[in-house]
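In what follows, a single structure is set out as structure tokens and then discussed.
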Amino acid sequence: MKNTLKATAAAATLLYLAGAAWAQNAVVTIAHVGPTSGSIAHLGKDNENGAILAVEELNAAGVTIGGKKVTLKLMAEDDAADPKQGTAVAQKLADSKVSGVVGHMNSGTTIPASRIYNDANIPQISPSATNPKYTRQGYKTAFRVVADDTQLGGTLGRYAASTLKAKNVAVIDDRTAYGQGVAEEFAKAVVAAGGTIVAKEFTHDKAADFSAILTTIKGKKPDLVFFGGMDAVAGPMMRQMKSLGLNVKFMGGDGICSAEFVKLAAGAVSDNQVFCAEAGGIEGKNKAALDAFKVKFKKRFGTDVQMYAPYVYDSVQLMVAAMVKAGSSDPVKYLPALAATKYQGITGPISFDGKGDINGGALTLRTVKGGKLEELAVIR
């Protein structure tokens, strides 16, 4: 009997210790998805690094969820900015039962992936997808922390017609969900502000030769050319515009608002010729927090922030904050806390409307001056 009691006590002790060890070492997996291969890998890696930094800092500080100390694990995936690969990755993450997803970067991958996450009840925060459709599908799991194309394209269209006084405007898009969406909103705003769309042309997101469409556009004598697409295409397009003598103002959305665009278009850009808008805006006291983030980001990764890394960082932080508030990393249990979040991030205050869009989303207008992007204004 004594031996039985001893064995029972020993077993109970082992179970207790095992339970204590699990409590100390429970792992919560958050995924990040972005294009870390292909022509815009520099932007995808920038986003991924924002997620890495957030997870490292949270683990260093210590995270307790529901009374248990947890270790956060980042599952980083590459969607190559390809919708097919994006949905395959989304299914992989759903099957892996991750607690949440930050991503995807592009609207073209974010939108189809969002259905898979919704079916699996996995919260998804996009730090950069701007096509309005993403949050208008009725999915309770979809959130975004930047302004959408209605704001982005609309603001740029009004700025082109009213401030830059562009009367005749040519529009090119790359046929992606992002490029086509922002171009359409831009064109609508130009017309509403009294301008005329003299040409609508399209290319694709891996194109390198634009001579035919640019020659057609030149014949229409535009004051301004708008491109809906990414920097990897916009840079070479700008160089070809110059070689054809199409020396007019050039405009695009956040896809071209990067240091990489300036590098790719080197020698083809005059001061105040290029205008773009980033789907986010940091002002006032938040600028100090962003500056501090940029310093530690460069120290950690040896490179400057490209564009949306701060929004990824905030997305991971607020997702974990929602888990802590709900006392659970179970997506179903912490989703209501995420939807009701009021979080002060380095990018500013974050809260969501009924669709999952950020309240009071900002835009940052920029131009290229002296070979660098220069801020013109933050608009809400």
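Residue numbers (the working numbering): 247 to 626.
Note that the Cβ used here is the ideal one computed from N, Cα and C, for glycine as well.
For this session: List the endpoints of the continuous beta strand (DSSP E) containing Gly594.
Result: As a first step, residue 594 must be located in the sequence shown, where it is residue number 348. Note, Gly594: beta strand (DSSP E), Gly594 to Ile596.
Problem set entry | beta-carbon Ala297 near the ligand SAH non-hydrogen atom, thresh 7 Å | Among the components modelled here there is no ligand, and therefore nothing to report on the ligand SAH.
Exercise. Beta strand (DSSP E) containing Asn367: first to last residue?
Worked result: In the sequence shown, the residue the question calls residue 367 occupies position 121. Segment: none, Asn367 is in no beta strand (DSSP E) and carries neither H nor E.
Exercise. CB-CB under 6 Å to Cys522, same chain, minus the five flanking residues each way: which ones, in chain order?
Worked result: Working through the sequence shown from its first residue, we reach residue 522 at position 276. Counting only Cβ-Cβ distances below 6 Å, and skipping sequence neighbours, we find Gly498, Ile502, Cys503 and Arg612.
Exercise. From Ala568 to Glu431, what distance separates their C-alpha atoms?
Worked result: Working through the sequence shown from its first residue, we reach residue 568 at position 322. Working through the sequence shown from its first residue, we reach residue 431 at position 185. Answer to the nearest angstrom: the Cα atoms are 33 Å apart.
Exercise. Helix, strand or coil: how does DSSP classify Gly346 here?
Worked result: Counting from one through the sequence shown, the residue named residue 346 turns up at place 100. For Gly346, the three-state secondary structure derived from DSSP is strand.
Exercise. Leaving out five residues before and five after Lys544 in sequence, what residues of the same chain have Cβ atoms less than 7 Å from its Cβ?
Worked result: The count along the sequence shown starts at 1 and reaches residue 544 at position 298. Closer than 7 Å at the Cβ level, and outside the excluded window around Lys544, lie Asp550.
Exercise. Should Asn352 be labelled buried (16 or more other beta-carbon atoms within 10 Å of its own) or exposed?
Worked result: Within the sequence shown, residue 352 is the residue found at index 106, counting from 1. Counting C-beta atoms within 10 angstroms of its own C-beta, Asn352 has 16 or more neighbours from the protein chains shown and is therefore classed as buried.
Exercise. Does the beta-carbon of Ala388 have 16 or more other beta-carbons within 10 angstroms, so that it is buried, or is it exposed?
Worked result: Residue mapping note: residue 388 aligns to position 142 of the sequence shown, counting from 1. Per the 10 Å Cβ criterion, buried.
Exercise. Since Ala511 is in the beta strand (DSSP E), which residue starts that stretch and which ends it?
Worked result: For this step, residue 511 is matched to residue 265 along the sequence shown. It is not in any beta strand (DSSP E) - Ala511 carries neither H nor E in the DSSP assignment.
For this session: Could you name the residues of the same chain whose beta carbon sits closer than 7 Å to that of Asp562, not counting the 5 residues immediately before and after it, in chain order?
Result: Start at 1 with the first residue of the sequence shown, and residue 562 comes out as number 316. Sequence inspection shows Val at residue 562; the Asp mentioned does not correspond to that position. Cβ neighbours of Val562 beyond the five flanking positions: Ile276, Ala297, Ala300, Val301 and Val348.
Problem set entry | Spatial distance of Asp455 from Leu492 (CA atoms) | Walking along the sequence shown from the start, residue 455 turns up at place 209. Walking along the sequence shown from the start, residue 492 turns up at place 246. In a straight line, the C-alpha of Asp455 is about 15 Å away from that of Leu492.
For this session: Could you tell me whether the region 507-525 touches the region 476-485, where touching means 3 or more Cβ pairs closer than 8 Å?
Result: Result yes; three or more Cβ-Cβ pairs closer than 8 Å.
Exercise. Do you know how far the Cα of Arg421 is from the Cα of Val479?
Worked result: Numbered from 1 along the sequence shown, position 233 holds the residue referred to as residue 479. Numbered from 1 along the sequence shown, position 175 holds the residue referred to as residue 421. Annotation: Val479 to Arg421 spans about 12 Å, alpha carbon to alpha carbon.
Exercise. First and last residue of the alpha helix (DSSP H) that includes Tyr589?
Worked result: Residue mapping note: residue 589 aligns to position 343 of the sequence shown, counting from 1. For Tyr589, no alpha helix (DSSP H) encloses it; the enclosing beta strand (DSSP E) starts and ends at Tyr589 to Gly591.
Problem set entry | The alpha helix (DSSP H) enclosing Ile604, as first and last residue numbers | Against the sequence shown, residue 604 aligns to sequence position 358. Here Ile604 belongs to no alpha helix (DSSP H), and DSSP marks it neither H nor E.
Exercise. Relative to the C-alpha of Tyr554, which residue among Ala505, Ala366 and Leu581 is closest?
Worked result: The residue given as residue 554 occupies position 308 in the sequence shown. Nearest of Ala505, Ala366 and Leu581 to Tyr554, Cα basis: Ala505.
Problem set entry | Bridge-paired residues (DSSP) for Pro624 | By 1-based counting over the sequence shown, the position of residue 624 is 378. Contrary to the premise, residue 624 reads as Val rather than Pro in this sequence. Residue pairing by DSSP puts Val624 in a beta bridge opposite Thr610.
For this session: Please list, in chain order, all residues of the same chain as Phe547 whose beta carbon is under 7 Å from its beta carbon, the five residues on each side excluded.
Result: Reading the sequence shown from its first residue, position 301 is the one you call residue 547. These residues qualify, in order along the chain: Asn295.
Exercise. With a CB to CB cut of under 8 Å and the five nearest residues on each side skipped, what residues in its chain are close to Gly457?
Worked result: By one-based count along the sequence shown, residue 457 stands at place 211. Here the sequence assigns Ser to residue 457, which means Gly is not the residue at that position. The residues are Gln486 and Leu490.
For this session: Please go through the region 550-578 and give each complete alpha helix (DSSP H) segment of 4 or more residues, from N-terminal end onward.
Result: Qualifying alpha helix (DSSP H) stretches, in chain order: 555-572.
For this session: Just mark Val578 as buried or exposed, buried being the case when its beta carbon has 16 or more other beta carbons within 10 Å.
Result: By 1-based counting over the sequence shown, the position of residue 578 is 332. That one is exposed.
For this session: Return the chain-ordered list of same chain residues with a C-beta closer than 6 Å to the C-beta of Ala322, the five sequence neighbours on each side being excluded.
Result: On the sequence shown, position 76 is the one that residue 322 refers to. Short of 6 Å from the beta carbon of Ala322, and not among the five residues preceding or following it, lie these beta carbons of its own chain, in chain order: His278 and Glu294.
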